[in-house]
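As structure tokens, the structure follows; a few thoughts come after it.
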Amino acid sequence: MKQNDIIIDVGANFGGFSLEIAKRNPTYNVYAIEAEPNLATQLDENATNTGLENHQVINCAVNEEEGDFQFYVSELGDHGTSSLLPFSQDNITHDEYWKDRSDLHHSKSVVVHAKPLEKILDEISFDNVAFIKIDVQGLDLAVLKSSGSYLNRIQAGMLEVPSVLSKSLYDNTSEDLMSALAFLKESGFSVYAVKPNDPAANEFNVFFVKNGLDYKEIEEKLNLLDFHFYDGKHFWHAPSHKLENPEQHILNLNEVISSQTQEVESLKLKIDAVLSENKELKHALNVIESNKAVRFLKLIKLIK
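Each step along the sequence shown adds one to the number in the UniProt record's numbering, with nothing skipped, and position 31 is 31.
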């Protein structure tokens, strides 16, 4: 039975969240809103190719004001730092983590049309927004605010904000963790999780639910768990005896060990390939190993 509640992904990018959530919830219509024209076209094609009939792409930027704006595109990485806002070069160059990131560069800009989320929702027939994911780089809170009269119909969601303004990647923004928490509280939402989005904890994903609703029931109903784009990134894999979740720590260490083992095996193959091509080097190494064995046997005899 088709639901009349919807799921929204603002800043859908290549569809990592929207495509998977549509697969997991075939009775919900999922609206993927993406400002960058090329990404929106590609996302639409991906949805068509996977046979998703409940996934719709809206090529539009979301802002509190309607109009045409410059959209700054980062073609490095996954286009994940493209934004209506320019980078804050001052913040980036003075931060030990940001300054080493190679994707923090806007390679071009395009003109896009932006609308408040309220105007976009005016064109959709629905009861409630079961979940909204917002990731538009520097304007996530503005997107939520722009939902206007539909704000009280949002049941749960997640957005991304910097820890403090001095850690923001972008200029011309007033959004940070404290302002997000304050707005959510004033607007009738409870925050049920705050998770770091990078190893330096410069940015956080904030998870919220409408007062009176149980976020665990929503997670189960929408099949949100065991999903990377919802669960978030885990930065507690470094050795520590003070971890609150030792079981997860062990799993993460196992992943690191497995990865390192694969690297060692790969290096062994490369060494074998070099030795097979260089017979003189291989012979020299064999002589060294033989001499070691002889010395070891002599040592054993002395001990006896």
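Note that CB positions come from ideal geometry on N, CA and C, so glycine has one too. Predicted model only: the values in this text are computed from it and were never measured.
Item: Chain-order list of residues whose beta-carbon lies under 7 Å from that of residue 22 (same chain, five-residue window excluded); Value: 30, 52, 54, 55
Item: CB contact flag (residue 161, residue 206, <8 Å); Value: yes
Item: Helix, strand or coil at residue 56 according to DSSP, with G and I counted as helix; Value: strand
Item: First and last residue of the uninterrupted alpha helix (DSSP H) at residue 9; Value: Element bounds for residue 9: not the alpha helix (DSSP H) but the beta strand (DSSP E), 6 to 10.
Item: Per DSSP, cross-strand counterpart(s) of residue 71; Value: 110
Item: Cβ contact check for the region 159 to 174 and the region 89 to 103: 3 or more pairs under 8 Å; Value: yes
Item: Residue-level contact to chain B via CB, residue 227, 8 Å cutoff; Value: The displayed structure is made up of one protein chain only, and chain B is not part of it.
Item: Segment contact flag, the region 1 to 16 with the region 36 to 50, C-beta cutoff 8 Å, min 3 pairs; Value: yes
Item: Under 8 Å between C-beta atoms of residue 62 and residue 146; Value: yes
Item: Terminal residues of the alpha helix (DSSP H) in which residue 18 lies; Value: 18 to 24
Item: Among 103, 191, 271, 50, the one whose alpha carbon lies nearest that of residue 82; Value: 103
Item: Enclosing beta strand (DSSP E) for residue 196 [first to last residue]; Value: 189 to 196
Item: Whole-angstrom distance between residue 286 and residue 135, CA atom to CA atom; Value: 58 Å
Item: Three-state secondary structure assigned by DSSP to residue 165; Value: helix
Item: Of the listed residues 217, 157, 33, nearest to residue 124 (C-alpha basis); Value: 33
Item: Unbroken alpha helix (DSSP H) run spanning residue 32, endpoints; Value: Residue 32 -> not in any alpha helix (DSSP H); beta strand (DSSP E) instead, spanning 29 to 34.
Item: With 16 other Cβ atoms within 10 Å as the buried cut-off, status of residue 158; Value: buried
Item: Other residues of its chain near residue 5: CB distance less than 6 Å, five sequence neighbours each side excluded; Value: 127, 128, 130
Item: Cβ-based neighbour list, residue 67, same chain, cut-off 7 Å, excluding 5 preceding and 5 following; Value: 114
Item: Which of helix, strand or coil DSSP assigns to residue 291; Value: helix
Item: Cβ distance (whole Å) where residue 73 is taken to contact residue 18 below 8 Å; Value: No, residue 73 and residue 18 are not in contact; Cβ-Cβ is about 20 Å, not under 8 Å.
Item: Whole-number beta carbon distance between residue 155 and residue 209, since they are thought to touch under 8 Å; Value: 7 Å
Item: Neighbourhood of residue 64 by C-beta distance below 7 Å, restricted to the same chain and skipping five residues each side; Value: 116, 142, 145, 146
Item: Simplified DSSP state of residue 15, which is helix, strand or coil; Value: coil
Item: Inter-residue spacing [alpha-carbon to alpha-carbon] between residue 237 and residue 253; Value: Confidence in residue 237 is poor, its pLDDT being 45 and thus under 50, which makes the residue's placement unreliable; the coordinate value appears in the next sentence. Their Cα atoms are separated by approximately 6 Å.
Item: Whole-angstrom distance between residue 288 and residue 200, CA atom to CA atom; Value: 47 Å
Item: Cα-Cα separation, residue 198 to residue 57; Value: 28 Å
Item: Residue 223: first and last residue of the uninterrupted alpha helix (DSSP H) it sits in; Value: Element bounds for residue 223: n/a, residue is neither H nor E.
Item: Separation of residue 270 from residue 148, as counted between CA atoms; Value: 60 Å
Item: For residue 150 and residue 305, the rounded distance between their alpha carbons; Value: Missing from the structure shown is residue 305; the chain here goes from 1 to 304 and no further.
Item: For residue 132: DSSP bridge partner residues; Value: 8, 157
Item: CB of residue 112 within 8 Å of CB of residue 71, strictly; Value: yes
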